[in-house]
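*Asks:* Under the numbering used here, the residues of the sequence shown are numbered 38 to 217, in order. A virtual CB, placed ideally from N, CA and C, is assigned to each residue, including glycine. Before we start, here is the structure in question, set down as structure tokens.
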Amino acid sequence: MNILAIYGSLSSTSINKALAKTAQANAPEGMDIELIGVGGLPLFNQDDETDNYPTAAAEAKAKIASADGVLIVTPEYNRAPPGSLKNFLDWTSRPSGQHPWDGKPVGVLGASDGMRGASFAQYDIRRIVAYFNARVMGQPEYYLAQGDTKIENGVVTDEKSIEVLKRFLAAFKTHVENGR
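Below, the structure written as structure tokens:
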């Protein structure tokens, strides 16, 4: 099973990239996770969605299309997902009706340095990709609160957080398998 994990931060020290890397390292047997960032795209402009469609957006759409499922790992800034992630979702969902999200199994998780673990941003991302007609996993949810205290050398090191992540990934594997 091939899973694409999209991490929504541009930061070189992103706790969400660390969470995505930890998911990759702790994937259940039979699940391979490829990581992709959201950088390198111009701001979405509907004028460019036909003649000037960015190569990076086309490549991202192809990766989403070829994946069996997609994990979206979102940061939270000011109780919302970052603009870079929303921009990525805008580009990969356009032109309307010509996107790879329709029916795609999606799991949403996230980390923040606060107590809510990106819960508001996760809610927004679930709502957005549900509009694309993606098959969003509702339960379980995964929130890495105070993520900045649980990461060393670019990966999550807190054992309890890793165990909960493993259960989340096992549930996501079942979610993907049930949609085949």
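Taking the Cβ atom as the reference point for each residue, do G56 and L146 lie within a distance shorter than 8 Å?
*Replies:* The amino acid at residue 56 is misidentified as Gly; the sequence shows Leu. Taking 8 Å as the Cβ cut-off, L56 and L146 qualify as a contacting pair.
*Asks:* At 3 residues or longer, and completely inside the stretch 86-172: list those beta strand (DSSP E) runs for me, N to C.
*Replies:* 106-111, 142-148
*Asks:* Alpha carbon to alpha carbon, what distance is there between F169 and T194?
*Replies:* Separation of T194 and F169 (C-alpha to C-alpha, rounded to the nearest whole angstrom) is 34 Å.
*Asks:* Using the Cα positions of K187 and V110, report the straight-line distance between them to the nearest angstrom.
*Replies:* Roughly 16 Å between the two C-alpha positions.
*Asks:* Less than 8 Å separating the beta-carbons of A60 and A42?
*Replies:* yes
*Asks:* Based on the DSSP output, what are the partners of I52 in its beta bridges?
*Replies:* I52 pairs with nothing; no bridge assigned.
*Asks:* Can you give me the C-alpha to C-alpha distance between D69 and S198, rounded to a whole angstrom?
*Replies:* 20 Å
*Asks:* If you measure from the beta carbon of M174 to each beta carbon in chain D, is any gap under 8 Å?
*Replies:* Chain labels in this structure do not include chain D; a single protein chain is all it has.
*Asks:* If I follow the unbroken alpha helix (DSSP H) through L202, where does it start and stop?
*Replies:* Following the DSSP letters along the chain, one finds L202 inside the alpha helix (DSSP H) bounded by residues 196-215.
*Asks:* Identify the residues that DSSP records as bridge partners of L42: which are they?
*Replies:* At residue 42 the sequence reads Ala, which differs from the Leu that was named. Partner(s): L72, L108.
*Asks:* Determine whether the beta carbon atoms of A155 and E113 lie at a separation below 8 Å.
*Replies:* yes
*Asks:* How about the stretch 116-133 and the stretch 151-167: do they share at least three Cβ pairs that are nearer than 8 Å?
*Replies:* yes
*Asks:* Under 8 Å between the Cβ atoms of A117 and A167?
*Replies:* no
*Asks:* Does the distance from the CB of S149 to the CB of W138 come in under 8 Å?
*Replies:* no
*Asks:* For K203 and V213, what's the separation of their Cα atoms in angstroms?
*Replies:* 15 Å
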